[in-house]
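K.L.:
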Amino acid sequence: MDKKKAKRLLKFLSYVLCHSPDEFGIFLDGDGSISIKELLWAVKEEDGWSYVRESHLKDLILLGFDPPYRLEGKKIVLNDSIKKPYYPVEQPPRTLFYAARLKACYHIY
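Quick note: numbering that gives the first Met the number 0 has the sequence shown finishing at residue 108, numbered continuously throughout.
1. Following the continuous beta strand (DSSP E) through residue 113, name the residue where it begins and the one where it ends.
2. From the DSSP output, read off the bridge partner residues of residue 112.
3. Between the beta-carbon of residue 52 and the beta-carbon of residue 70, is there less than 9 angstroms?
4. Give every residue of the same chain whose Cβ lies closer than 7 angstroms to the Cβ of residue 67, excluding the five residues on either side of it in the sequence, and list them in chain order.
5. On the criterion of 16 or more Cβ atoms from any shown chain inside 10 Å, does residue 31 qualify as buried, or is it exposed?
6. Return the chain-ordered list of same chain residues with a C-beta closer than 8 angstroms to the C-beta of residue 9, the five sequence neighbours on each side being excluded.
7. Return the Cβ separation of residue 62 and residue 2 in integer angstroms, given the expectation that the two are a contact with Cβ distance under 8 angstroms.
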C-alpha cells in the first residue's frame with residue numbers, strides 16, 4: 000500500500016473509531032475495543048473501502064503512522080489517550096414530546 004492510500008485509510012479509520020462509530024453501525028465495548036471482523040464489516044460497506052483487510056490495519060503501524068488504535072489478538076483497541084464514545088444507558092422520561100402539525104396529532108396517538 001502506498002503512503003497516500005495509507006494516509007487516507009488512517010484518516011477514515013480515525014473518523015470511524017474516534018468520532019462517530021455509531022454512524023457506521025458499530026459500538027465499542029466499555030474498554031474501547033471492537034472485534035476486527037466487525038470493524039472490517041462496517042468499513043467494507045462504505046463506497047471505495049471494500050479492499051480493506053486486516054493486513055492493511057497492520058500495515059499502518061508498520062509504515063510508521065501513529066494510528067489511534069492497537070491490535071490485541073482478534074480485537075482492535077483504542078489508545079488510552081483517545082476519548083472513548085459515551086453511550087448513555089439511562090431510562091427515557093415517562094413523557095416524550097414531539098412537535099407535529101395539528102392535522103397529524105390525531106394519527107400520532
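Backbone N, C-alpha and C fix where the C-beta goes; we use that ideal spot for every residue, glycine too. It should be emphasised that the depicted structure is a prediction, and the values quoted were computed from it without experimental measurement.
P.N.:
To lay it out plainly:
1. No answer is possible for residue 113: it lies beyond the span of the chain, which begins at 0 and ends at 108.
2. The displayed coordinates of the chain run from 0 to 108. Any statement about residue 112 would go beyond what the structure contains.
3. no
4. 13, 16, 17, 77, 78, 81
5. buried
6. 59, 64, 66
7. 7 angstroms
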